[in-house]
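Visitor: Take a look at this one; I'll ask things after.
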Amino acid sequence: MIQRAIEKKTEIQAFILSNNDDDDAKQHIPEEDLLSTEDWKVLAEIGMILEPFYWQTKRCEDWGVGDGYGRLWEVMMGTEYLLSYLID
C-alpha cells in the first residue's frame with residue numbers, strides 16, 4: 060500500500076489540489092492531513108523497512124514454486140532473517 064502511494068504521489072497531490080480548489084469548504088482536506096515533502100520521505104523509508112516483511116509473508120503464503128513453502132522450519136528461518144534484518 061505504501062509503495063502504491065509512492066508510485067501515485069503525483070496523482071494523489073493533483074487530487075488534493077483539485078479537491079481543495081473547490082468552492083465547497085466542506086470538501087476541503089484539512090491542512091494537518093496533507094502530506095508534506097518530509098512525510099513522503101518518511102513513507103519511502105518505512106516502505107523500505109517493511110519490504111522484507113512483505114516478501115517473507117508472501118513466501119510463507121505459498122507464492123513459491125512447488126509444495127515446500129510455508130512449512131514451520133521455513134517460517135522460523137524467515138523469522139530469524141527478519142530479526143537479523145532489524146538488528147542491522
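Here the sequence shown stands for residues 60 to 147, where the numbers follow the numbering used here. Beta carbons: idealized from backbone N, C-alpha and C, even for Gly. Here the structure is a predicted model, which is why all the values come from computation and not from measurement.
(1) Give the secondary structure of M60 by DSSP, where H, G and I count as helix, E and B as strand, and everything else as coil.
(2) Flag this pair as touching only if the segment 91-107 and the segment 61-68 have three or more C-beta atom pairs under 8 Å; answer yes or no.
(3) Quick check: the segment 105-118 against the segment 69-86, are at least 3 beta-carbon pairs closer than 8 Å?
(4) Can you give the beta carbon distance from L102 to I61, rounded, assuming they're within the 8 Å contact cut?
(5) Leaving out five residues before and five after I105 in sequence, what residues of the same chain have Cβ atoms less than 7 Å from its Cβ?
(6) Can you list, in chain order, the residues of its chain with a C-beta nearer than 7 Å to that of I88? Leave out the 5 residues immediately preceding and following it.
(7) Locate the alpha helix (DSSP H) running through K68, then write down its first and last residues.
Guide: Reading from the atomic positions:
(1) Reading the sequence shown from its first residue, position 1 is the one you call residue 60. In this structure, M60 counts as coil in the three-state DSSP scheme.
(2) Output reads yes: the segment 61-68 touches the segment 91-107.
(3) The segment 69-86 makes no contact with the segment 105-118; the number of CB pairs closer than 8 Å stays below 3.
(4) Sequence index remark: in the sequence shown, residue 102 carries index 43 (1-based). Sequence index remark: in the sequence shown, residue 61 carries index 2 (1-based). Sure, about 6 Å apart at Cβ, within 8 Å.
(5) Locating residue 105 in the sequence shown gives position 46, where the first residue counts as 1. Cβ neighbours of I105 beyond the five flanking positions: I61.
(6) Here residue 88 is taken as the residue at index 29 of the sequence shown, counted from 1. So the qualifying residues of the chain are I75, N78, N79.
(7) As a working note, residue 68 is residue 9 in the sequence shown. It spans 68-79 - the alpha helix (DSSP H) in which K68 sits, taken as one unbroken run.
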